[in-house]
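Beneath this line is the structure, given in structure tokens, with notes to follow.
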Amino acid sequence: MRKLLSFVVILFLGGSVYAQDVTYEQVELPSIGTILIPSTMELQKGKYEEFSKKFVEAGTRMLGEEVSENRIVFQPKGINDFTEDGLAMYARIIIETDISGPGDYFKLKDVEDLPESELAEISSLAENEMRDMLYDTNLKIVEWLGVSMVKIKGYTIFKMSYIRQLGQNPLVKVHTYIFQNYDRQHRLIVSYRVKDSELWESSFNKVANSFQITNIRQ
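Residue numbers 31 to 248, in the numbering used here, belong to the letters of the sequence shown in order.
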């Protein structure tokens, strides 16, 4: 059976809300395509990227997983400079790509809607896998929102959603959009604090629907 879903648990600490007028910039994603990014966010880089990478690697090793080598992260502005306002906010846009062999995934255009019964089975398997992976850790799934199929740029893709909590930190909502592309799989992961949904939800829906794969594999 072809790989349909793969999961990486991303562990981050966050903070509170800031608000400002939002515009969007189209950003080139090397060897992938393009995406719109809100003006309130920046590309993770520099010393904070090094710190974040070590933190994520430690967390994923504990779960027996590996961090994708092809990973791009956008975060609230100011975090790279360790500003108080930037560090007070938790929100992420993450693009990960797993490269495999020809035919290991469906072609982008060949993914079709599944019957509700099959989709429910996939959702149940994904939930069980996630909960098993997090067993005996301080990261837990508070609410499983399910796996669905959505259309982005005319292509049918899987969307996995849940609410998680790290220790006693605020609840975080996570949406993972999974794009199969013949010899690779792209994951667009957006996450934000549940209490900040009004600030981020509409914006991140726009981001997800802007994701355009131009490097379509055959």
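C-beta: ideal position from N, C-alpha, C; glycine also. Computed from a prediction, not measured in an experiment: that's the story for all the values here.
Option nearest residue i by Cα separation, candidates the options
i: VAL141; options: VAL180, LEU196, ILE125 and ILE124; result: VAL180
i: LYS236; options: GLY133, ILE182, LEU201 and LEU196; result: ILE182
i: GLY131; options: LEU229, GLN210 and LYS225; result: GLN210
DSSP three-state assignment for residue i, whether helix, strand or coil
i: TYR48; result: Bear in mind that a pLDDT of 46 at TYR48, under 50, signals an unreliable position, so the number given afterwards is only what the model happens to contain. Three-state result, TYR48: coil.
i: LYS181; result: strand
i: VAL141; result: coil
i: TYR171; result: Checking the displayed sequence, the identity of residue 171 turns out to be Ile instead of Tyr. ILE171: strand per DSSP, three-state reduction.
i: MET71; result: strand
i: MET31; result: At MET31, the pLDDT of 42 sits below 50, so the modelled position is not reliable and the matter cannot be decided from this model.
i: ASN199; result: coil
i: PHE120; result: At residue 120 the sequence reads Tyr, which differs from the Phe that was named. Coil.
i: PHE209; result: strand
i: GLY176; result: strand
i: ILE219; result: strand
i: TYR135; result: coil
i: ASP128; result: strand
Residue i Cβ short of 7 Å to the ligand SAM heavy atom set
i: GLN198; result: The ligand SAM is not part of this structure, which contains no ligands at all.
For residue i, the first and last residue of its enclosing beta strand (DSSP E)
i: MET190; result: 185-196
i: ASN235; result: No beta strand (DSSP E) holds ASN235; the alpha helix (DSSP H) holding it covers 227-240.
i: ILE246; result: It is not in any beta strand (DSSP E) - ILE246 carries neither H nor E in the DSSP assignment.
Whether residue i touches residue j by CB criterion (8 Å)
i: VAL57; j: THR70; result: no
i: GLU159; j: ASN110; result: no
i: PRO200; j: ARG214; result: no
i: SER233; j: ILE65; result: no
i: TYR185; j: GLU173; result: no
i: LEU218; j: ILE125; result: yes
i: ASN245; j: GLY63; result: yes
i: ALA121; j: SER227; result: no
i: ILE123; j: ILE171; result: no
Assigned exposure category for residue i - 16 Cβ within 10 Å defines buried
i: THR127; result: buried
i: ARG161; result: exposed
i: TYR207; result: buried
i: PHE112; result: exposed
i: ILE243; result: buried
i: GLN248; result: exposed
i: ALA150; result: exposed
Contact with chain C by residue i, beta-carbon distance below 8 Å
i: LYS181; result: No chain C appears in this structure, which consists of one protein chain only.
Opening and closing residue of the alpha helix (DSSP H) in which residue i lies
i: ASN158; result: 146-164
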